[in-house]
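I have placed the structure first, in the form of C-alpha cells, so that the comments after it can refer back to it.
Number of protein chains: 2
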Amino acid sequence: MAKRRTQLLQAAVRVIAQDGVRGLRVEKLAAEAGVSTALIYYHFKDRAGILRAALDHINQRAEQYTSASGDLEQMLLLELQDTDDVRENSIAWGELRASAVFNEELREALHATTRAWNADVETLLRQAGVTEPELAAEHLTALVEGLSERWHSGSITLERAREVLAHAVLVTTRGAVSS
Amino acid sequence: MAKRRTQLLQAAVRVIAQDGVRGLRVEKLAAEAGVSTALIYYHFKDRAGILRAALDHINQRAEQYTSASGDLEQMLLLELQDTDDVRENSIAWGELRASAVFNEELREALHATTRAWNADVETLLRQAGVTEPELAAEHLTALVEGLSERWHSGSITLERAREVLAHAVLVTTRGAVSS
DNA sequence: GTCTATACAGAGATAGAC
DNA sequence: GTCTATCTCTGTATAGAC
Chain A
128 MAKRRTQLLQ AAVRVIAQDG VRGLRVEKLA AEAGVSTALI YYHFKDRAGI LRAALDHINQ
188 RAEQYTSASG DLEQMLLLEL QDTDDVRENS IAWGELRASA VFNEELREAL HATTRAWNAD
248 VETLLRQAGV TEPELAAEHL TALVEGLSER WHSGSITLER AREVLAHAVL VTTRGAVSS
Chain B
128 MAKRRTQLLQ AAVRVIAQDG VRGLRVEKLA AEAGVSTALI YYHFKDRAGI LRAALDHINQ
188 RAEQYTSASG DLEQMLLLEL QDTDDVRENS IAWGELRASA VFNEELREAL HATTRAWNAD
248 VETLLRQAGV TEPELAAEHL TALVEGLSER WHSGSITLER AREVLAHAVL VTTRGAVSS
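As C-alpha cells, this is what we get:
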C-alpha cells in the first residue's frame with residue numbers, strides 16, 4: 128500500500144511542472160505535499176531518487192495517454208490541451224526531454240516512451256493508407272513536441288499550435304487512399 | 128573594446144552547451160575561460176547578468192545563421208548538423224527555449240528570434256508557391272526544434288532527423304506551383 | 001512513518017591587494 | 001582588470017525523539 132508515495136509523486140510532478148526538474152527543491156516539494164523534508168528522504172533516499180521515481184511516473188502517465196485513443200488527430204492533439212492535468216504532464220514531459228540532453232541516465236526511459244508513441248501513431252497512419260507511415264509518424268510526433276514547447280514557452284498560442292498541427296496532419300494524409 | 132567580454136561569452140555558450148543554463152556554475156565558467164570567478168563578476172555583475180548576456184549572444188548568433196541562406200532546405204537543415212559550432216549553438220538554443228518555460232524574463236527575446244526565423248522561412252515558402260506559407264513556416268520551424276531536441280537527447284539519430292525533415296519539406300511543398 | 005532540529009557542502013558573491 | 005581569500009546563504013541530507 129504505497130499511498131503516501133503516490134501522493135508525494137503527484138506533488139513532485141506539480142512542482143516539476145512549476146519549476147522544472149532542475150528547479151525542484153526538496154523543501155518546496157515537502158511544502159507542496161504538506162509534509163517534512165525528512166519524510167521525503169525517508170521515502171526516496173535522496174534527491175536523485177525523487178527524480179527517478181517522479182520521471183518514471185510521468186513516463187507511465189504519458190504512455191497511458193498515448194495509447195488511449197484510436198483516432199490520429201485526437202491522439203496528437205491530446206498533448207495540446209489546456210486542462211491542468213494535461214498541461215502539467217506536458218510541461219513535465221518536456222522538462223524530461225530537455226533534461227535528458229544533459230543527463231545520460233534519463234535517455235533510456237525517454238527513448239522507450241518516444242518509441243512507443245511513434246509506433247502507435249505509425250499504426251494509425253498505416254491504417255489510413257499513408258505511404259511512408261514510419262517517417263510520417265516521427266514527423267508528426269516530433270512536431271507535437273516542438274509545438275508543445277513553443278506553447279509552454281510563450282512563442283505560440285495554444286489555438287495556433289493546434290491549427291498548425293491540424294494542417295500538418297491534413298497535408299501528411301492528403302493523397303492517401305482512405306481505408 | 129570588449130574583447131575579454133566576448134571571450135567570456137563564448138566560454139559561457141560552451142558551458143551552457145555542456146551543462147545547460149540551469150547547470151551553469153560560475154566557477155566552471157571561470158575555469159573554462161581560464162580566469163578567476165571574481166573577474167566574471169567584474170564583467171557581469173551577477174549570475175543573472177551572465178545568463179542575460181550569454182542568451183543574448185546565442186540569440187544573435189541564431190538570427191545570423193537563420194537569415195543567411197536563400198534556400199529553404201538549407202536554412203532548415205542548418206540546425207541539424209554535427210559540427211562543434213552548430214551543435215553547441217543548437218543545444219544552447221534549445222536550453223534557452225526549455226528555460227523560458229520556467230522563466231518569464233527569457234520569453235520576449237525567445238519569441239522575437241522565433242518570429243524572425245518564421246518570417247524568413249515564410250518568405251521562401253511563399254516564393255515557392257506554397258498555399259499557406261505562414262502556417263507551413265510555423266510547421267517546419269517547430270518541427271526542426273522538435274527534431275533538434277530529440278537528436279540532442281538521444282531519441283533519434285542525426286541522419287534520421289534530417290531525413291524526416293527532408294520528407295516534411297517535400298510533403299509541404301508538393302503540389303505547389305514552383306516559381 | 002513522521003516530525004524538529006541541525007550538520008554539512010556547494011555555489012554565489014564581495015573585499016582588498018596588486 | 002585581474003587575482004586570492006573568504007564570507008554567507010541556500011539547499012541537501014542526517015540524527016534522534018515520538
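Residue numbers (our numbering), protein chains in the order written: chain A, 128 to 306; chain B, 128 to 306. Ideal Cβ placement from N, Cα and C applies to all residues, glycine included.
| Query | Result |
| --- | --- |
| Run through chain B and tell me which residues come within less than 8 angstroms of glutamate 259 of chain A, C-beta to C-beta. | His294 |
| Run down chain B in chain order and give the residues with a C-beta less than 9 angstroms from the C-beta of glutamate 286 of chain A. | Simply none; closest approach about 12 angstroms. |
| Rank B:Leu267, B:Glu235 and B:Ile218 by C-alpha distance to the C-alpha of alanine 227 of chain A and give the top, closest one. | B:Ile218 |
| Let me see if you follow: with CB-CB separation under 8 angstroms, is histidine 238 of chain B close to chain A or not? | yes |
| Got a sec: is the Cβ-Cβ distance from valine 153 of chain A to anything in chain B below 8 angstroms? | no |
| Take the Cβ of valine 142 of chain B as the centre, count every other Cβ of all protein chains shown within 10 Å, and call the residue buried at 16 or more, exposed below. | buried |
| Go through its chain and collect everything with a Cβ distance to glutamate 190 of chain B's Cβ below 7 angstroms, but skip five positions before and after it. | Thr240 and Ala243 |
| Rounded to whole angstroms, what is the Cα-Cα separation between tryptophan 220 of chain A and serine 163 of chain B? | 37 angstroms |
| Using the three-state DSSP reduction, which class does isoleucine 283 of chain B fall into: helix, strand or coil? | coil |
| Thinking just about the alpha-carbon of each residue, which of A:Asn186, A:Val271, A:Arg132 and A:Gly197 is nearest to the one in phenylalanine 171 of chain A? | A:Arg132 |
| So, does the region 253-272 of chain A touch the region 268-281 of chain B, judging by three or more C-beta pairs under 8 angstroms? | yes |
| Quick one: give me the first and last residue of the alpha helix (DSSP H) that leucine 207 of chain B is part of. | Unbroken run through leucine 207 of chain B: none, as it is neither H nor E. |
| By alpha-carbon positions, which one of B:Glu290, B:Leu251 and B:Asp247 ends up nearest to leucine 207 of chain B? | B:Glu290 |
| Are there any heavy atoms of the ligand ATP lying less than 7 angstroms away from the beta-carbon of aspartate 198 of chain B, as far as the coordinates show? | With respect to small molecules bound, the structure shown includes none, and the ligand ATP cannot be examined in it. |
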